[in-house]
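K.L.:
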Amino acid sequence: MRTYLPWLGLIMLFSPAALAFDLVQAWEQLLAQGPTYRAAAYERDAGLESPAIGRAGLLPQITASASKSWVDGTQEQRSTLGQSSRNDLDYDAENLSIQLRQPIYNRQRLIEYRQGKQRARYSEAVFDAKTQNLAVRLATRYFDVLLTRETIALSKAKLNALEQQVAAAKRRFTLGDGTVTDVDQATARRDLAQAELIEAEDNLLVAMRLLQELLGDLPGQLATLNADFPTPALQPDNLQEWLLKAQQNNPTLRAQQVNRQLAEEEVRRASSGHWPTLDLVLGYTDSTSDSLSTIDQQNRYRSIGLEFSMPLYAGGGVSARVRQATASREQAGEEVNVALEEIYSATTREFRGIQSGQARIRALEQAVRSNERAQDSAGKGFRAGSSTNLDILNAEEQVFIAKRDLLEAKLRYLLARLQLAAAVGLLGEDDIAQANAYLGPPSISASAVAGRD
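So the sequence shown is numbered by the numbering used here: it starts at 873 and just counts up by one.
1. Does the count of Cβ pairs from the stretch 1129-1147 and the stretch 1254-1270 closer than 8 angstroms reach three?
2. For Val1210, count neighbouring Cβ atoms within 10 angstroms of its own Cβ and tell me buried if that reaches 16, exposed if not.
3. Return helix, strand or coil for Asp1109, following the three-state DSSP convention.
4. If you measure between the beta carbons of Arg993 and Val1130, is that distance less than 8 angstroms?
5. Helix, strand or coil for Asn1005? Go by DSSP, reduced to three states.
6. What span of residues does the alpha helix (DSSP H) with Phe1272 cover, start to end?
7. Could you tell me the alpha carbon to alpha carbon distance between Thr1219 and Ala1295, rounded to whole angstroms?
8. According to DSSP, is Thr946 helix, strand or coil?
9. Starting from the Cα of Arg1126, find the closest Cα among Asp1000, Trp1114 and Gln1230 and give me that residue.
10. Could you round the C-beta distance between Gln980 and Arg1141 to whole angstroms and report it? I think they count as a contact, below 8 angstroms.
11. For the 8 angstroms Cβ check, are there 3 or more pairs between the stretch 1170-1188 and the stretch 1141-1160?
12. Would you check if there are 3 or more beta carbon pairs closer than 8 angstroms linking the stretch 1079-1089 to the stretch 1013-1021?
13. Applying the 10 Å Cβ sphere with the 16-neighbour rule, what's the burial state of Ile1264?
14. I'd like to know whether the C-beta atoms of Val1008 and Gln1291 end up nearer to each other than 8 angstroms.
15. So if DSSP puts Thr1160 in a beta bridge, which residue, or which two residues, is it bridged to?
16. Pick helix, strand or coil for Asp840, following the three-state DSSP scheme.
17. Check each candidate in Trp899, Asn1121 and Arg1044 and name the one with the smallest Cα separation from Asn1261.
18. Kindly indicate which residue of Leu961, Thr935, Gln955 and Leu953 has the alpha-carbon position closest to the one of Asp944.
19. Taking the alpha-carbon positions, what's the Leu885 to Asp1100 distance?
20. Going by other Cβ atoms of all chains shown within 10 Å of its Cβ, with 16 needed for buried, is Val1052 buried or exposed?
21. Go ahead and label Tyr1285 buried or exposed: buried means 16 or more other beta carbons lie within 10 angstroms of its beta carbon, across all protein chains shown.
22. Candidates Pro1313, Gly1297 and Glu1269: which alpha carbon is nearest Leu1026's?
23. Can you give me the start and stop residues for the alpha helix (DSSP H) that Leu1077 sits inside?
24. If we call anything under 8 angstroms between Cβ atoms a contact, is Leu1019 one with Leu1283?
25. Could you check the C-alpha separation between Leu1034 and Arg1062 for me, to the nearest Å?
26. For Ser957, count neighbouring C-beta atoms within 10 Å of its own C-beta (all shown protein chains included) and say buried if the count is 16 or more, exposed if not.
27. Check each candidate in Asn1121, Leu1279, Thr935 and Leu1031 and name the one with the smallest Cα separation from Ala1058.
28. Less than 8 angstroms between the CB atoms is what I'm expecting for Leu972 and Leu930, so what's the real figure, rounded?
29. Considering only the alpha carbon of each residue, which of Arg1081, Thr946 and Asn1075 lies closest to Glu1022?
30. Does DSSP put Asn1098 in a helix, in a strand, or in coil?
31. Does Gly1312 come out as helix, strand or coil in the three-state DSSP assignment?
32. State the DSSP-derived secondary structure class of Ala898, mapped to helix, strand or coil.
33. Nearest to Leu1006 by alpha carbon, out of Ala1309, Asn1308, Tyr1310 and Ile1304?
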């Protein structure tokens, strides 16, 4: 795990202790009981058995067989003079054999053993990639809940303000100072705000359910963003260095590279169909009355020897499998190139997203202040007669939009940091802790949300 103590310390200066269910706790719960994570862990565990499976083909194979039968019948024999004799058969026949086979030379099984070790490495890389992707998905869904929660709060505030505007417009119209147009405009905005609030509440229910999907159950109160939001510069502040990190550490790329090595070994394994095999074979047999000619006789014997097998012709199947494996190897090579380009694109996108996100947050913070002043000015202008009721409604709408855009920009900035760490293959608990340091007091009670269903 990486640590950025100065960066984390800077954030902690602005972050009170989080008493609610926060991002770190969500991550710990996902690791403990999240079904998606557990499925990925079991997939990895299955892949880690591949070396043992491959090694088994190089170790001795011991087989034992036993049989017992009851014979009841007659036996007729003719002598050289043409006379026949008849014997009654009534006996037990038993057979016991044990064989040990030890491969001495088997190119195909040796390659399968190497492939087993490569499959274990592939499973580890895939698990690392899925774990880091899960961390990003968890943060995305957690932040979606925060965004929808804040949207509800803003929508309620907006609706309350518009209710007051409708009431004021009606009073002015009753007193003869206003017009029916003012009433209609305020009412239309109020009705639209009511619809937006209903949609936001629906979105919150969906967002909470998606978060529960990852965690396995519904969390309690969620921590939300602190008011203070520092945006420290990236370290290193150079795109090429991040691209180099991605090339060296990205687990998805590593998995594709191992997959290409597996494909290369598969070509060798397929061509081994033309190669001979040599086995050491040891056996022991103990039989009683093994056949009609050995009634009431016992045979015990041991054997040791070498078994040589040389494929001569398999109908062209071996050559076809070699050509097939060769094509798959070329495909795997191109998939490595595809993965590398996708990783470069993701790294570049998140790097630029963080840099532009810093400026966007500062600009939106200023936009919120400017729109709040404009809203106040519109109210004063209306009372002085220089502004209309529509100016007030528009100003209130712009404040709502600016506040929501600011929250969305902050969450997008935090998510971009996590996605950049995942793109370079270095997303760990320290990155989650850094994002979590931006969270503070409780935001939403999950039980309250569930109660509305």
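Even for Gly, the Cβ is constructed at its ideal location relative to N, Cα and C.
P.N.:
Taking the geometry as given:
1. no
2. exposed
3. coil
4. yes
5. helix
6. Asn1261 to Ala1295
7. 6 angstroms
8. strand
9. Asp1000
10. 6 angstroms
11. yes
12. yes
13. buried
14. yes
15. Glu966 and Gln1170
16. What the structure shows of the chain is the stretch from 873 to 1325, and residue 840 is not part of that stretch, so it cannot be assessed.
17. Arg1044
18. Leu961
19. Its pLDDT being 37, under 50, Leu885 is placed unreliably in this model, and the value from its coordinates should be taken loosely. Near 10 angstroms, if we compare the C-alpha coordinates of Asp1100 and Leu885.
20. exposed
21. buried
22. Glu1269
23. Val1052 to Leu1087
24. yes
25. 5 angstroms
26. exposed
27. Leu1031
28. That pair is no contact at about 14 angstroms.
29. Asn1075
30. coil
31. strand
32. helix
33. Ile1304
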